[in-house]
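Participant: Okay, handing you the structure first.
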Amino acid sequence: MIRFDQVIKRYRGSDEILRNVSFEIAAGELAFVTGHSGAGKSTLLKLMAGIERPSSGTVLIGNQNVSKLRPRMLPYLRRKFGLVFQDHKLLYDRNCFENVALPLYINGVTGQEAARRIRAALDKVGLLGKEKAMPITLSGGEQQRLAIARAVVSRPAILIADEPTGNLDEEYATDIMRLFHAFQQVGVTVIIATHDAHGIQSIPAKLLHLDHGKLTAS
Amino acid sequence: MKHWINQHTLVWRLVLSRILRAKLSTLMIWSVIGIALSLPAILYVVIDNLNQLAGQVKNEPQVSVFMKLDAEPATVEAFRKNLEQHKGIAKQQFVSKEVAWQEMQELSQNVASQLDRNPLPDAFFIEPKDHSPEAISQLQREIEGWPGVEHVLADADWAKRLYALLQLGQKAVLVLSGLLGFALVAVIGNTIRLQIATQREEIEVSKLIGATDGFIRRPFLYAGTLYGLGGSLIALLFVNGILTIFNLSVADLAELYGSSFILTLPGWEISLGVIACAVTLGWIGSYIAVNRSLARLNPN
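Sequence lines, in order, name chains A and B. Each step along the first sequence adds one to the number in my numbering, with nothing skipped, and position 37 is 53. Each step along the second sequence adds one to the number in my numbering, with nothing skipped, and position 22 is 70.
Structure below.
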């Protein structure tokens, strides 16, 4: 499903963020990307989703080589992913329902069909009663769950989350992890970057540990 | 197809609601565009009207010969024969003093009623074969020497001057349209740029979760097009209003000259042209603005 082959990423005027990273994640697998902050976890996820391009090496998603993809095809690659960002990236000028609607509108799904799927996604994350609420009125955990609802509403094959439990207390964090696990159970490939290793031991998963841009365990 | 229609109606609804929410600023930008468009449009209509007025004399230089008031009919008849035999003359038309008097009475009764007798002379209107200014002035000098002639008027010069002036006016319209068109692109582009700034987060998120550039561009292009459309409608309102006000004075002025000339309001071709221009410029302005901000979001 996802294959990295000797991937190097460096930004202009910086050291290598990722050094010769190679690994493979199979379809339907659950993978954790761990490591200290600044180890290159976010960069790794951005390379997967086609938000960044590798400086060298190949990134294969499905059978598509991301580095050789024409820029105009990038949006279609990104639609295969559900992305949960470190800072949620919710839109605070519209309510929960409209936030979740965005990926569907981008895919050209509107009207009744969209409404049905939006409610299904909100239901899955336990926010069905709050579809009219504005995101700013939600707690941190609820905002994270709203971000997850937006990520899964267009039923992506791959779900990528960057520090989804970063700012949450333990109870909320376990909650969120259980949610991701549930998605993996129904066949979604789930990749989660997290800096705290505890709380993930209970779930059988692939581990990608980064240390200063080098993959030390996989 | 259904998705496509859904998506476009959705975008139109979004754009319209945004425009209606910012009523005052929308009205402001429409007015700015309207004023910028109406300036060259008014100038164009005025010049076009003058062009039509000058149309009759513009292409056919005419030599007018006025006979002495006391010229005998025999002298006039001899003069007419001379003209017929002259090799340099293509056409000639005789207007007797009686016919001229009648025409004048019909055209402007005010003036005619104040005169107790016919002040008009017999006249010949000649079209020379050679239209060059030299040939015309030579003909003018030649005829001036013939018996019974009071005055010979060659209107080629002032016709040419008027024609040159009108051409200058047309160039001025072109230059003014070009400059104001450029200003229009800048104004609309800048407005869209400000809108993009307030929706940066939305654009960024949309882009990250797989929106194509077209999807992101669409609402802004529609907005730019609407700005152009609204602005051009206001411009047409201005143009028609201002020309109607002008016409009150033009009619008075024309009446003093015994003419019923008024400025013709722009027809549907010109109106459509103004609308099409504004819509296109609005589209271009917003396209440039959106593309610049999209370029900043693309990965390198």
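Just so it is clear, CB atoms sit at the ideal spot from N, CA and C, and this is done for glycine as well.
Thinking just about the alpha-carbon of each residue, which of A:Gly66, A:Gly127, A:Lys62 is nearest to the one in Ile208 (chain A)?
Facilitator: For the purposes of this step, residue 208 (chain A) is identified with residue 192 of the first sequence, where counting begins at 1. When only C-alpha atoms are compared, the closest one is A:Lys62.
Participant: Kindly indicate which three-state DSSP category Gln102 (chain A) falls into: helix, strand or coil?
Facilitator: Here residue 102 (chain A) is taken as the residue at index 86 of the first sequence, counted from 1. If DSSP states are grouped into helix, strand and coil, Gln102 (chain A) belongs with coil.
Participant: Hey, could you find the ends of the beta strand (DSSP E) Asn36 (chain A) is sitting in?
Facilitator: Stepping through the first sequence from its first residue, residue 36 (chain A) is reached at position 20. Run containing Asn36 (chain A): 32-41, per the beta strand (DSSP E) assignment.
Participant: Grab me the residues of Asp227 (chain A)'s own chain with a C-beta within less than 7 angstroms of its C-beta, minus the 5 sequence neighbours each way, in chain order.
Facilitator: Along the first sequence, read from residue 1 onward, the residue named residue 227 (chain A) stands at position 211. Around Asp227 (chain A): Gly51, Ala55.
Participant: Interface residues of chain A around Asn54 (chain B) at Cβ under 7 angstroms?
Facilitator: Counting from one through the second sequence, the residue named residue 54 (chain B) turns up at place 6. Those within 7 angstroms of Asn54 (chain B) in chain A are Thr126, Gly127.
Participant: Please say whether Arg94 (chain A) and Gly262 (chain B) have beta carbons closer to each other than 8 angstroms?
Facilitator: Position 214 of the second sequence, counted from the first residue, corresponds to residue 262 (chain B). Position 78 of the first sequence, counted from the first residue, corresponds to residue 94 (chain A). Result no, Cβ atoms of Gly262 (chain B) and Arg94 (chain A) do not sit closer than 8 angstroms.
Participant: Answer with buried or exposed for Pro167 (chain B), where buried requires no fewer than 16 other C-beta atoms within 10 angstroms of its C-beta.
Facilitator: Here residue 167 (chain B) refers to the residue found at position 119 of the second sequence. Exposed, since its Cβ has fewer than 16 Cβ neighbours within 10 Å.
Participant: Have a look at Phe309 (chain B) and Gly278 (chain B) and give me their C-alpha separation to the nearest angstrom.
Facilitator: Looking up residue 309 (chain B) in the second sequence gives position 261. Looking up residue 278 (chain B) in the second sequence gives position 230. Roughly 32 angstroms separates the two Cα atoms.
Participant: For chain A, check one thing: does any of its Cβ atoms lie closer than 8 angstroms to the Cβ of Ile244 (chain B)?
Facilitator: By one-based count along the second sequence, residue 244 (chain B) stands at place 196. For Ile244 (chain B), the answer is no, since every Cβ of chain A falls outside 8 angstroms of its Cβ.
Participant: Give every residue of the same chain whose Cβ lies closer than 7 angstroms to the Cβ of Thr239 (chain B), excluding the five residues on either side of it in the sequence, and list them in chain order.
Facilitator: Residue mapping note: residue 239 (chain B) aligns to position 191 of the second sequence, counting from 1. If we look at Thr239 (chain B) and ignore the five residues flanking it on each side, its Cβ neighbours are Ile77, Tyr275.
Participant: Say whether chain B places a C-beta atom closer than 8 angstroms to the C-beta of Pro119 (chain A).
Facilitator: Sequence index remark: in the first sequence, residue 119 (chain A) carries index 103 (1-based). Chain B, which has a Cβ nearer than 8 angstroms to the Cβ of Pro119 (chain A), makes this yes.
Participant: Could you list which residues in chain A have their beta carbon closer than 8 angstroms to that of Thr239 (chain B), in chain order?
Facilitator: One-based indexing of the second sequence puts residue 239 (chain B) at position 191. The premise fails here: Thr239 (chain B) is roughly 19 angstroms from chain A at the closest Cβ pair, so nothing lies under 8 angstroms.
Participant: Enumerate in chain order the residues of its own chain whose CB-to-CB distance from Arg61 (chain B) is below 8 angstroms, with the five nearest sequence positions on each side excluded.
Facilitator: Mapped onto the second sequence, residue 61 (chain B) falls at position 13. Correct list: empty, nothing qualifies.
Participant: Interface residues of chain B around Leu107 (chain A) at Cβ under 7 angstroms?
Facilitator: For the purposes of this step, residue 107 (chain A) is taken as residue 91 along the first sequence, with counting starting at 1. The answer, in chain order, is Glu249, Glu250, Val253.
Participant: Note the first and the last residue of the continuous beta strand (DSSP E) segment covering Ile176 (chain A).
Facilitator: Mapped onto the first sequence, residue 176 (chain A) falls at position 160. Note, Ile176 (chain A): beta strand (DSSP E), 174-178.
Participant: Does Arg171 (chain A) have its Cβ less than 8 angstroms from a Cβ in chain B?
Facilitator: Position 155 of the first sequence, counting from 1, holds the residue named residue 171 (chain A). Chain B contact via Cβ: absent.
Participant: State whether the stretch 115-124 of chain B contacts the stretch 317-324 of chain B, with contact taken as three or more CB pairs (one from each stretch) at a distance under 8 angstroms.
Facilitator: no
Participant: For chain A, check one thing: does any of its Cβ atoms lie closer than 8 angstroms to the Cβ of Leu256 (chain B)?
Facilitator: As a first step, residue 256 (chain B) is located in the second sequence; it is residue number 208 there, counting from the start. Leu256 (chain B) counts as touching chain A.
Participant: Mind listing which residues of the stretch 54-68 of chain A have their C-beta closer than 9 angstroms to chain B's C-betas, in chain order?
Facilitator: Lys62, Ala65, Gly66, Ile67, Glu68
Participant: With a 10 Å radius around its C-beta and 16 neighbouring C-beta atoms as the bar for buried, classify Ile293 (chain B) as buried or exposed.
Facilitator: Here residue 293 (chain B) refers to the residue found at position 245 of the second sequence. Classification for Ile293 (chain B): exposed.
Participant: Assuming Val200 (chain B) and Val111 (chain B) are in contact, meaning their beta carbons sit under 8 angstroms apart, how far apart are those beta carbons, in whole angstroms?
Facilitator: Working through the second sequence from its first residue, we reach residue 200 (chain B) at position 152. Working through the second sequence from its first residue, we reach residue 111 (chain B) at position 63. Indeed they touch by this definition, with Cβ atoms about 6 angstroms apart.
Participant: Taking Thr224 (chain B) as the reference, give the member of B:Ser156, B:Ser73, B:Ile90, B:Ala70 with the closest Cα.
Facilitator: The residue given as residue 224 (chain B) occupies position 176 in the second sequence. Reading off the sequence shown, one finds Leu at residue 224 (chain B), where the question assumed Thr. Among B:Ser156, B:Ser73, B:Ile90, B:Ala70, the Cα nearest to that of Leu224 (chain B) is on B:Ile90.
Participant: I'd like the span of the alpha helix (DSSP H) that includes Ala221 (chain A), first residue to last.
Facilitator: The sequence position of residue 221 (chain A) within the first sequence is 205, counting from 1. Judged by DSSP secondary structure, Ala221 (chain A) falls outside any alpha helix (DSSP H); it is assigned neither H nor E.
Participant: I'd like the ranges of any beta strand (DSSP E) spanning at least 3 consecutive residues and lying wholly in the stretch 54-104 of chain A.
Facilitator: 72-77, 97-100
Participant: If the criterion is Cβ atoms closer than 8 angstroms, does the pair Asn123 (chain A) and Pro151 (chain A) meet it?
Facilitator: Taking the first sequence and counting its residues from 1, the one referred to as residue 123 (chain A) is at position 107. Taking the first sequence and counting its residues from 1, the one referred to as residue 151 (chain A) is at position 135. Asn123 (chain A) places its beta carbon 8 angstroms or farther from that of Pro151 (chain A).
Participant: Go to Ala70 (chain B), then tell me how far its alpha helix (DSSP H) extends in each direction, as first and last residue.
Facilitator: Residue mapping note: residue 70 (chain B) aligns to position 22 of the second sequence, counting from 1. From DSSP, Ala70 (chain B) is part of no alpha helix (DSSP H); its letter is neither H nor E.
Participant: Given this structure, state the Cα-to-Cα distance separating Ala43 (chain A) from Val59 (chain B), to the nearest angstrom.
Facilitator: Start at 1 with the first residue of the first sequence, and residue 43 (chain A) comes out as number 27. Start at 1 with the first residue of the second sequence, and residue 59 (chain B) comes out as number 11. Straight-line Cα distance between these residues: approximately 36 angstroms.
Participant: Against chain A, which members of the stretch 275-306 of chain B pass a CB distance test of less than 7 angstroms?
Facilitator: none
Participant: Look at Leu34 (chain A) and Leu76 (chain A) and say whether their C-beta atoms are less than 8 angstroms apart.
Facilitator: Here residue 34 (chain A) refers to the residue found at position 18 of the first sequence. Here residue 76 (chain A) refers to the residue found at position 60 of the first sequence. With contacts defined as CB atoms closer than 8 angstroms, Leu34 (chain A) and Leu76 (chain A) fail to qualify as a contacting pair.
Participant: Which partner residues does Leu201 (chain B) have in the DSSP bridge list?
Facilitator: Counting from one through the second sequence, the residue named residue 201 (chain B) turns up at place 153. Per DSSP, B:Ser112.
Participant: Measuring alpha carbon to alpha carbon, tell me which residue in B:Val253, B:Gly196, B:Ala202 is nearest Arg189 (chain B).
Facilitator: The sequence position of residue 189 (chain B) within the second sequence is 141, counting from 1. Nearest of B:Val253, B:Gly196, B:Ala202 to Arg189 (chain B), Cα basis: B:Ala202.
Participant: Using 8 angstroms as the limit for Cβ to Cβ distance, is Arg95 (chain A) near chain B?
Facilitator: Counting from one through the first sequence, the residue named residue 95 (chain A) turns up at place 79. Yes, Arg95 (chain A) counts as interfacial toward chain B.
Participant: How many angstroms separate the CA atom of Ala117 (chain A) from the CA atom of Phe101 (chain A)?
Facilitator: What you label residue 117 (chain A) is simply residue 101 of the first sequence in a count that begins at 1. What you label residue 101 (chain A) is simply residue 85 of the first sequence in a count that begins at 1. Going from the Cα of Ala117 (chain A) to the Cα of Phe101 (chain A) covers about 17 angstroms.
Participant: Please report whether the beta-carbon of Ala337 (chain B) lies at a distance below 8 angstroms from any beta-carbon of chain A.
Facilitator: Counted from its first residue, the second sequence places residue 337 (chain B) at position 289. Interface annotation, Ala337 (chain B): not in contact with chain A, CB-CB separation never under 8 angstroms.
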